[in-house]
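Step one of this worksheet: look at the structure below.
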Amino acid sequence: MTEAVQVHSLLSDFDVSLFRSGRHYKLYEKFGSHELRIDAVDGVYFAVWAPNAKEVSVIGNFNGWNPHSHQLHVRWDSSGIWEGFIPKLQNGEVYKYHILTNQGERLEKADPFALHTEIPPSTASIVSTTWYSWTDSEWMFNRRETNALDRPYSVYEMHLGSWMRDPKHPDRFFSYKEIADRLIPYLLEMGFTHVEFMPVMEHPYYPSWGYQITGYFAASSRYGSPQELMGLIDALHQAGIGVLLDWVPSHFPGDAHGLYRFDGTHLFEHEDPKKGFHPDWQSYIFNYGRNEVKSFLISNAFFWLDRYHVDGLRVDAVASMLYLDYSRKQDEWIPNEFGGNENLEAVTFLKELNEAVYKYFPNTQTIAEESTSWPGVSRATFQNGLGFGMKWMMGWMHDTLAYFKEDPINRSYHHDKMTFAGVYAFTENFMLPLSHDEVVYGKQSLIYKMPGDEWQKFANLRSLYLYMFTFSGSKLLFMGGEFGQTSEWNVNQSLDWHLLQFKPHSGMKKFVSDLNKVYRNYPALYEKAFSPEGFAWIEMADHTNSLFVYTRKGHNVENDLLVVLNLTPVVRRNFRVGATHAGTWELVLNSDETKYHGSGVSVKKKVATDAVFWMNQKQSIVLDIPPLAGLIFKRVL
């Protein structure tokens, strides 16, 4: 028989003060369930915030889910925190909180700070720990070298449950360990510097892709234990690969066991649905003006950076946080105190989040998925920015895909879609995303967005990737795109790995691998990725030939690169191109090579400049430019 709840607290008066002021960033050390030894007795301490509760008890298998046997003690300080120590419990115990509200409702809630949960559709929390013996100290010590804004940043975005499955048992998820065994060699082969996991936090509805979270501190039990996820991240770090997580502070679902009306009131969400309900996702919006909620969210960001050693957070749906009228009709939103549509509380929260993250985890990155023209998203807060490290360049993505969808015969009329991004490319630290959002819901896979016959589709996509990797900014490519997945992404099945038996797909995979290696090995492509000094158009107006020429520059002029794109299926013979410097230019990468399933049009490996003024350059070179292809040259002194 388990003994009654004993009075005990891990929370000091200072902890409570920080929590209530929105400044406690490590609540996971205090709240939730923690296995302890008190007076030589082992047991579990529980702490939960429920200020509108009349009673809070811990229920589980250990007490027959009886809400009357193990009632927690409310703190005397009006903080609304309930806590206590239950002897003889241990890690692995399944539990929930039973909450009797002041209005007489009886609720059964999962622990908001649970470190582990039952496998969905079961919803109880599990007493667990984040203890793990890490072996990535070298990575953690040196990760500024791989995580800085002047280093290569090539991200492979993936969903754990649908990246790869066992062909013999296609309905079974691979475990974190099984994923590690397959993913790490693949990423090393492909040359990506980072992997980004779509949300790994526990979520009850699998087709939400992880964006409807109920267990913000719990690694999804679908794939294993917290320690097994740590093992995956540890192994990635030992292989020299950074790890980013998608993080969702914008909204949460209304599942009965989750955060919604946690203590019978709108505790985590705004009470007014004009501020607290999200019409697009049928979910609930955090109350960023409530200090305890800010402490909860920033603590959650810290938790993954601290306990799981992740190298950055990609913050989902930032635009929906910034605007009070986001996706709302005229009478469905409330202006701020100045009459505007800016969510001032969310702005303050995001600034505090980024200031805290970069203060305590200086070698990490926060990346905003933000689709509007909000100024200064990736500028420092002292410059009145939001303080993110990077921002997704949604405009580049939309314009580029719109251009490439056009039949080449029509591209001359859409030339500006390829050049317009240069107008604003350096207003933010932009990441160029070709993400999961572009290959679902009838949008088609990337390869089927491309026009023409099969050969032209693959040639177009290789050219798109070469343009992406040689344009300014960091890079993100969603899984399957690297080998030309033909079907839209389906969260309920594996990628179509069998396609790699066919030359167009294996050639695409080889090309992306080589492209990543060029990106990592040539400093001109990353040293000034976010500076106008690192990019210059040489030819941006040749709409007749759908031809583009530009240069990429690093710290050393000797490393300058010249990029030529021919986005028509016509071979350009003896075509003169302006060159930034006199000398010999050596071919670095040609997307048309036969090993990539290209046409194999002969291109000279080295070409000397002539003193012929062309494209506003004093020097120029003459090339044969393959069809629907990109070329990268480096000057050889």
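The numbering of the sequence shown is my numbering, which starts it at 72 and goes up by one.
Each residue gets a CB set at the ideal place from its N, CA and C atoms; glycine is no exception.
Please read these numbers as outputs of a predicted model, since none were measured by experiment.
Checklist entry - Taking three-plus beta-carbon pairs below 8 Å as touching, is the segment 277 to 291 in contact with the segment 173 to 188? => result yes
Item to check | Closest by C-alpha distance to Asn687, when choosing among Phe212, Val620 and Val641 | outcome: Translated into the one-based positions of the sequence shown, residue 687 becomes position 616. With distances taken between Cα atoms, Asn687 lies closest to Val620.
Checklist entry - Whole beta strand (DSSP E) runs in the segment 97 to 170 with 3 or more residues, listed along the chain? => result 103 to 109, 112 to 120, 124 to 131 and 152 to 158
Next on the checklist: Taking DSSP's pairing of strands, which residues face Ala761 in a bridge?
Outcome noted: As shown, the chain starts at 72 and ends at 708. That puts residue 761 outside it, with no answer to give.
Checklist entry - If you follow the alpha helix (DSSP H) that Gln572 is part of, which residue opens it and which one closes it? => result Translated into positions along the sequence shown, residue 572 becomes position 501. No alpha helix (DSSP H) contains Gln572, which DSSP labels as neither H nor E.
Item to check | Separation of Tyr590 from Leu82, as counted between CA atoms | outcome: Here residue 82 corresponds to residue number 11 of the sequence shown, with the count starting at 1. Here residue 590 corresponds to residue number 519 of the sequence shown, with the count starting at 1. Cα to Cα, Leu82 sits roughly 49 Å from Tyr590.
Item to check | Paired residues, beta bridge with Ser195 - DSSP | outcome: Position 124 of the sequence shown holds residue 195. Reading off the sequence, residue 195 comes out as Ala, not Ser. DSSP lists no partner for Ala195.
Checklist entry - For Met72, does the count of other Cβ atoms within 10 angstroms reach 16, so buried, or fall short, so exposed? => result Taking the sequence shown and counting its residues from 1, the one referred to as residue 72 is at position 1. The predicted model places Met72 with a pLDDT of 46, which falls under 50 and marks its position as unreliable; any figure quoted below should be read in that light. Exposed, because fewer than 16 other Cβ atoms sit within 10 Å of the Cβ of Met72.
Checklist entry - Could you give the uninterrupted runs of the alpha helix (DSSP H) lying entirely in the segment 371 to 444, keeping only those of 4 residues or more? => result 389 to 393 and 415 to 431
Item to check | Beta-bridge partners of Ala496, as assigned by DSSP | outcome: For the purposes of this step, residue 496 is taken as residue 425 along the sequence shown, with counting starting at 1. According to DSSP, which records beta bridges pairwise, Ala496 is partnered with nothing at all.
Checklist entry - With C-beta atoms as the reference, is Val448 less than 8 Å away from Ala439? => result Position 377 of the sequence shown, counted from the start, is the residue given in the question as residue 448. Position 368 of the sequence shown, counted from the start, is the residue given in the question as residue 439. In contact: Val448 and Ala439 (Cβ atoms closer than 8 Å).
Next on the checklist: Does Ser149 pass the burial test, meaning 16 or more other C-beta atoms within 10 Å, or should it be called exposed?
Outcome noted: Translated into the one-based positions of the sequence shown, residue 149 becomes position 78. Label assigned to Ser149: exposed.
Checklist entry - What are the start and end residues of the beta strand (DSSP E) that includes Pro504? => result Residue numbering aside, residue 504 sits at position 433 when the sequence shown is read from its first letter. First-last of the beta strand (DSSP E) with Pro504: Phe501 to Leu505.
Checklist entry - So, Arg706 versus Trp656, is the Cβ gap smaller than 8 Å? => result The residue labelled residue 706 in the question sits at position 635 within the sequence shown. The residue labelled residue 656 in the question sits at position 585 within the sequence shown. Yes, the Cβ-Cβ distance between Arg706 and Trp656 is below 8 Å.
Item to check | Beta-carbon proximity of Met579 to Phe549, cut-off 8 Å | outcome: Reading the sequence shown from its first residue, position 508 is the one you call residue 579. Reading the sequence shown from its first residue, position 478 is the one you call residue 549. Going by C-beta atoms, Met579 is not nearer than 8 Å to Phe549.
Checklist entry - Excluding five sequence neighbours on each side, which residues of the same chain lie with their C-beta closer than 6 Å to the C-beta of Gly701? => result The residue you call residue 701 lines up with position 630 of the sequence shown. Contacts found: Ser534, Leu537, Leu636 and Ser662.
Next on the checklist: Report the CB separation of Lys546 from Tyr224 in whole angstroms; it is logged as a contact under 8 Å.
Outcome noted: Position 475 of the sequence shown holds residue 546. Position 153 of the sequence shown holds residue 224. With a Cβ gap of about 7 Å, Lys546 and Tyr224 count as contacting.
Item to check | Same chain, Cβ closer than 7 Å to Asn455, five either side skipped, listed in chain order | outcome: By 1-based counting over the sequence shown, the position of residue 455 is 384. Same-chain partners within the cutoff: Gly447.
Checklist entry - Ala388 to Glu267, Cα distance in whole Å? => result Position 317 of the sequence shown, counting from 1, holds the residue named residue 388. Position 196 of the sequence shown, counting from 1, holds the residue named residue 267. Distance between the alpha carbons of Ala388 and Glu267: 16 Å.
Next on the checklist: Taking the alpha carbon of Tyr96 as the reference point, which residue from Lys666, Val364 and Ala473 has its own alpha carbon closest?
Outcome noted: Along the sequence shown, read from residue 1 onward, the residue named residue 96 stands at position 25. Out of Lys666, Val364 and Ala473, Val364 has the C-alpha closest to the C-alpha of Tyr96.
Checklist entry - Nearest CA to the CA of Pro238: which residue from Gly523, His569 and Gln77? => result For the purposes of this step, residue 238 is identified with residue 167 of the sequence shown, where counting begins at 1. Looking at the Cα atoms, His569 is the closest of the given residues.
Next on the checklist: Cutting at 6 Å between CB atoms, please list the residues of its own chain near Glu598, excluding the five before and the five after it.
Outcome noted: Residue numbering aside, residue 598 sits at position 527 when the sequence shown is read from its first letter. If we look at Glu598 and ignore the five residues flanking it on each side, its Cβ neighbours are Asp221, Gly625 and His626.
Next on the checklist: If the criterion is Cβ atoms closer than 8 Å, does the pair Phe432 and Leu376 meet it?
Outcome noted: For the purposes of this step, residue 432 is taken as the residue at position 361 of the sequence shown. For the purposes of this step, residue 376 is taken as the residue at position 305 of the sequence shown. Contact: yes.
Checklist entry - Is it right to say Ile312 is buried, meaning 16 or more other beta carbons lie within 10 angstroms of its own, or is it exposed? => result If you number the sequence shown from 1, residue 312 lands on position 241. Result: buried.
Checklist entry - Taking buried to mean at least 16 other C-beta atoms within 10 Å of its own C-beta, is Lys270 buried or exposed? => result Indexing the sequence shown from 1 puts residue 270 at position 199. Residue identity check: residue 270 is Pro in the sequence provided, not Lys. Counting Cβ neighbours within 10 Å, Pro270 comes out buried, since at least 16 surround it.
Checklist entry - Can you tell which of Glu416, Ser233 and Ser204 has the C-alpha that lies nearest to the C-alpha of Leu566? => result For the purposes of this step, residue 566 is taken as residue 495 along the sequence shown, with counting starting at 1. Comparing Cα-Cα distances from Leu566 to each of Glu416, Ser233 and Ser204, the minimum goes to Ser233.
Checklist entry - Do Leu178 and the ligand FAD come close, with the Cβ less than 7 Å from some heavy atom? => result Ligands in the displayed structure: none, and consequently the ligand FAD is not present.
Next on the checklist: Starting from Thr44, trace the alpha helix (DSSP H) in both directions and tell me its first and last residue.
Outcome noted: The shown model of the chain, from 72 to 708, leaves out residue 44, and the question about it has no answer.
Item to check | Three-state class that DSSP yields for Trp526 in the structure shown | outcome: Counting from one through the sequence shown, the residue named residue 526 turns up at place 455. Correct three-state label for Trp526: helix.
Item to check | Boundaries of the alpha helix (DSSP H) in which Glu342 is found, first to last residue | outcome: The residue you call residue 342 lines up with position 271 of the sequence shown. Glu342 -> no alpha helix (DSSP H), and no H or E assigned at all.
Item to check | Cβ contact check for the segment 126 to 135 and the segment 84 to 103: 3 or more pairs under 8 Å | outcome: no
Item to check | Cα-Cα separation, Gln527 to Leu699 | outcome: Numbered from its first residue, the sequence shown carries residue 527 at position 456. Numbered from its first residue, the sequence shown carries residue 699 at position 628. Each residue's Cα considered, the two are about 7 Å apart.
Item to check | Proximal residues to Ser208 (C-beta, below 6 Å), its chain only, five neighbours per side dropped | outcome: Sequence index remark: in the sequence shown, residue 208 carries index 137 (1-based). Answer for Ser208: no residue qualifies.
Checklist entry - Is Tyr474 near Phe582, with beta carbons less than 8 Å apart? => result Working through the sequence shown from its first residue, we reach residue 474 at position 403. Working through the sequence shown from its first residue, we reach residue 582 at position 511. Cβ atoms of Tyr474 and Phe582: not closer than 8 Å.
Next on the checklist: So, at 7 Å on beta carbons, what are the nonlocal neighbours of His341 in its own chain, with the 5 sequence-adjacent residues on each side left out?
Outcome noted: Within the sequence shown, numbered from 1, the residue matching residue 341 stands at position 270. Correct list, in chain order: Gly347, Ile356 and Asn358.
Checklist entry - Taking C-beta to C-beta, are Thr206 and Gln298 nearer than 8 Å? => result Sequence index remark: in the sequence shown, residue 206 carries index 135 (1-based). Sequence index remark: in the sequence shown, residue 298 carries index 227 (1-based). Cβ distance not < 8 Å, so Thr206 and Gln298 don't count as in contact.
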